[in-house]
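In this text, residue positions in the sequence shown follow the working numbering: the first is 273, and each later residue adds one.
Think of the CB as a built atom: it goes at the ideal place given N, C-alpha and C, for glycine as much as any other residue.
Note that the structure is a prediction, hence the values are computed from the model and not measured.
Below you'll find the structure, written out as structure tokens, and then a few comments.
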Amino acid sequence: MRIMSTSCICPVLVCLCFVQRCYGAAHHGSIKVTRNQTKHIEGETEVHHRPKRGWVWNQFFVLEEHLGPDPQYVGKLHSNSDKGDGSVKYILTGEGAGTIFIIDDTTGDIHSTKSLDREQKTHYVLHAQAIDRRTNKPLEPESEFIIKVQDINDNAPKFTDGPYIVTVPEMSEMGTSVLQVTATDADDPTYGNSARVVYSILQGQPYFSVDPKTGVIRTALHNMDREAREHYSVVIQAKDMAGQVGGLSGSTTVNITLTDVNDNPPRFPQKHYQLYVPESAQVGSAVGKIKANDADAGSNADMKYTIINGDGSGVFSISTDKETREGIISLKKYGKSAVKSPAIKYFIDHNTEDDRYFIIDANTGTIKTAKIFDREETPWYNITVAASEIDNPGLLSHVPVDIRILDVNDNPPELAREYDVVVCENAKPGQVIQTISATDKDNSANGPRFHYSLDEGLSLNPNFTLRDNEDNTASILTRRRRFSRTTQDVYYLPILISDSGIPSLSSSSTLTIRVCACERDGRVRTCHAEAFLSSAGLSTGALIAILLCVIILLAIVVLFITLRRSKKEPLIISEEDVRENVVTYDDEGGGEEDTEAFDITALRNPSAAEELKYRRDVRPDVKHAPRHQPSSSLNSIDVHEFIKQRLAEADLDPSVPPYDSIQTYAYEGHRSEAGSISSLDSVTTHSDQDYNYLGDWGPEFKKLAELYGEIESERTT
């Protein structure tokens with residue numbers, strides 16, 4: 273800072289007041305701005321030197337987790353230029369300034385307004401400045417200082433890896449290391465004892481101990497026997513504050529298992545065994561079993577039996593069953609009193625058809641196959657084997673033998689049923705139209721799981737695709753939008769199905785997919801005529817019968833019309849008969865009266881029809897007197913006027929309702945403001961009209977709703 277004149281404000285020194293940490297309490301200081309000057313002993317003349325300026329910093333400290341009602345006092349900023357008249361303004365900027373830390377700009381007092389957590393943020397970097405309140409000019413350069421969050425013991429030690437599972441050999445020496453556990457404390461390890469952890473054992477004494485500083489667990493007893501006790505649960509505690517009263521603690525469990533060592537010999541549960549051998553026993557046959565017990569486990573309990581002495585050591589042998597750990601005593605050779613049992617012959621009792629599939633060796637009893645088997649046809653066979661002595665065939669015995677045929681992968685998978693697959697004309701891409709499944713005559717080892725795919729020999733199908741669901745089913749999906757029955761009403765989709773046998777077998781099936789018109793909710797409305805008949809379950813014979821009936825009816829109608837025409841036409845048509853006849857069919861009734869001809873001469877000569885005739889289709893209740901016109905008017909009337917009079921008389925006739933009427937619409941009217949409602953050329957034009965409301969007009973407008981409503985929505989999309 274450059275000094276401009278002696279009258280300028282003296283240089284200031286901003287220092288943070290030293291914070292003492294005594295008995296866990298923090299004392300707050302202040303940043304003071306002072307003049308650098310030299311003072312002599314009292315009475316001597318004061319000599320002024322060129323001042324040197326500098327910042328002497330001590331950190332501010334604020335306790336974490338402060339819960340008091342008032343803001344916590346942190347420290348004070350003060351400049352020697354401050355005469356107490358409020359001309360100096362103190363400004364605080366940096367981390368948390370204005371939110372966490374506030375300053376009184378007149379006194380320079382700093383307070384903390386929030387409770388702080390040292391484990392989230394350990395310190396805050398701020399900047400202090402003193403300016404002249406009148407001129408807003410800085411009295412000192414901006415300087416940086418730190419407010420450090422002072423730790424309190426608010427975090428308990430934690431074991432991050434527990435619970436632990438370890439083993440140690442039985443009979444280990446005392447002090448054998450088992451495991452080292454470690455607890456962490458989130459408090460400040462550089463301040464006090466908040467993070468100083470001491471380990472102790474809460475459960476597991478007197479078998480194990482723990483080092484209070486390192487956390488190493490060791491055995492505490494000699495000769496720990498697994499056969500006496502195998503499992504131990506040890507609880508270790510970690511306490512901070514160096515284990516003092518008031519410290520926080522955490523614990524973990526260590527499960528220790530003693531592993532076996534081979535320290536126990538096998539022992540027989542009894543000293544003497546008594547076995548019996550029949551004199552007819554064969555060499556190699558088992559005589560009896562004995563078993564010794566071993567307190568060890570695993571491979572340490574495996575044993576081997578041997579015969580070491582005795583009279584029968586040359587006659588008997590002993591072997592070890594590895595599964596049951598038993599000693600099996602067998603006849604090694606015939607004894608002195610033993611006589612060799614006679615030759616035996618084996619044969620199959622052919623009582624059933626199953627017996628024809630097998631043969632047996634008469635001397636050895638080996639059963640062999642005689643035919644080729646099909647497991648899918650017969651998975652089991654039951655035969656009876658007999659044995660008799662050759663010298664004494666009367667000594668005979670029988671034994672049933674059940675033979676199971678093992679499966680090989682000799683059947684390819686097939687579709688579970690015939691599928692009637694339908695795709696709607698308004699289908700969308702990615703829509704599932706059918707889920708198929710397959711069956712396999714082989715068992716589960718050679719059958720499922722099935723694999724589905726499209727025939728690889730064909731090109732990519734642009735209409736449909738297949739998705740293997742990986743649960744022995746597959747889904748058929750559409751690949752494009754919209755189908756048309758008029759363009760193509762049936763599609764064929766070849767599918768390849770493979771099983772999981774070794775080697776794998778596969779088969780190809782073709783799905784027939786029909787195109788149908790559907791409702792908006794997916795229900796089928798209209799399909800091809802053949803599809804409807806097939807869906808109704810009609811057989812081929814029924815269809816042929818229906819067609820024959822239709823043909824017979826048509827033949828009868830044609831014959832009837834031909835006969836009627838032949839009756840009405842005269843045999844000889846006179847060339848002079850040139851009358852023009854008007855045949856009227858004014859109503860659905862009337863019978864033969866409708867075929868009577870009306871002579872056109874009545875129109876040419878109105879006088880011939882002067883008498884009013886009543887209609888013959890309905891008998892009038894009131895008869896009117898015949899009307900006569902003067903001859904002068906009859907002679908002068910024209911055909912047009914005559915027709916108008918007759919129409920007026922018919923309209924005014926009270927005897928019958930006007931069954932017959934002629935209405936003409938010769939005038940179309942002015943041009944409609946809405947324009948043409950014709951569907952021609954509507955596909956190539958875009959309209960802002962939304963036709964989705966057609967779907968709410970009922971079933972009569974469903975076709976229009978499908979043609980217009982959905983197309984407009986697709987164009988918008």
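Taking the C-beta atoms as reference points, Val507 is found no nearer than 8 Å to Pro484.
Contact annotation: Val555 and Lys617 have beta-carbon atoms that are not nearer than 8 Å. Per DSSP, the beta bridge partners of Ser481 are Arg490. Distances from the CA of Leu339 to each of Asp593, Asp389 and Pro971 were compared; the closest alpha carbon is that of Asp389. Under a 10 Å Cβ-count criterion, Ala558 is classified as exposed, with fewer than 16 other Cβ atoms of the shown protein chains found around its own Cβ. Residue nearest to Ala567 within the set Gln542, Arg498, Glu551 and Ser585 is Arg498 (criterion: CA-CA distance). Cβ neighbours of Glu337 within its own chain (closer than 8 Å, five residues either side excluded): Ser387, Leu388, Asp389, Ile424 and Asp426. Assignment of Thr834 by DSSP, reduced to helix, strand and coil, places it in the helix class. In this structure, Lys643 lies away from Tyr653, with their beta-carbon atoms at least 8 Å apart.
Per the DSSP secondary-structure output, Ile823 pairs with nothing in a beta bridge. Fewer than three beta-carbon pairs drawn from the stretch 406 to 426 and the stretch 489 to 503 are found closer than 8 Å, and the two stretches are therefore not classed as touching.
Annotation for Ala922: the continuous alpha helix (DSSP H) segment containing it runs Val911 to Asp923. In the three-state DSSP reduction, Lys975 falls in the helix class (H, G or I). Here Tyr545 has Gly560 and Ile562 as same chain residues with Cβ atoms under 8 Å from its own Cβ, once five neighbours each way along the sequence are excluded. For Met446, the closest alpha carbon among the candidates Phe480, Tyr463 and Ser466 is that of Phe480. It is roughly 8 Å from the alpha-carbon of Gly967 to the alpha-carbon of Leu976. The criterion of a C-beta distance shorter than 8 Å is not satisfied by Thr711 and Pro684.
Around the Cβ of Phe832, a 10 Å sphere holds fewer than 16 other Cβ atoms; the residue is exposed. A Cβ-Cβ contact shorter than 8 Å links Asn572 with Val533.
In the three-state reduction of the DSSP assignment, Leu520 falls in the coil class, being assigned neither a helical nor a strand state.
By the CB criterion at 8 Å, Thr707 and Ser669 fall outside the cutoff. With contacts defined by Cβ atoms closer than 8 Å, Val346 and Val334 form a contacting pair. DSSP places Val470 within a strand segment (E or B) once states are collapsed to three.
In summary, Ser613 is exposed, with fewer than 16 beta-carbon neighbours lying within 10 Å of its beta-carbon over all protein chains present. Counted as a single uninterrupted DSSP element, the beta strand (DSSP E) harbouring Asn654 occupies residues Trp652 to Glu661. The beta carbon of Arg501 sits closer than 8 Å to the beta carbons of Leu530 from its chain, once the five residues preceding and following it are set aside; these are given in chain order. The alpha-carbon separation between Asn408 and Val397 amounts to approximately 24 Å.
Counting other Cβ atoms within 10 Å of its Cβ, Tyr965 stays below 16 and is therefore classed as exposed. Cβ atoms of Leu730 and Pro766 come within 8 Å of each other, at about 7 Å. Ranked by Cα distance from Ala369, the first of His350, Gly666 and Gln401 is Gln401.
For Arg676, the enclosing beta strand (DSSP E) starts and ends at Leu668 to Arg676.
Rounded to the nearest angstrom, the Cβ distance from Val694 to Ile677 is 43 Å, too far for a contact under 8 Å. By the Cβ-count criterion, Cys821 is exposed, with fewer than 16 other Cβ atoms from all chains shown falling within 10 Å of its own Cβ.
In this structure, the CA atom of Glu661 is about 60 Å from the CA atom of Ser781. If you keep only unbroken beta strand (DSSP E) runs of at least 3 residues inside the stretch 711 to 735, you get 723 to 726. Ser585 carries a helical assignment under DSSP once its states are collapsed to helix, strand and coil.
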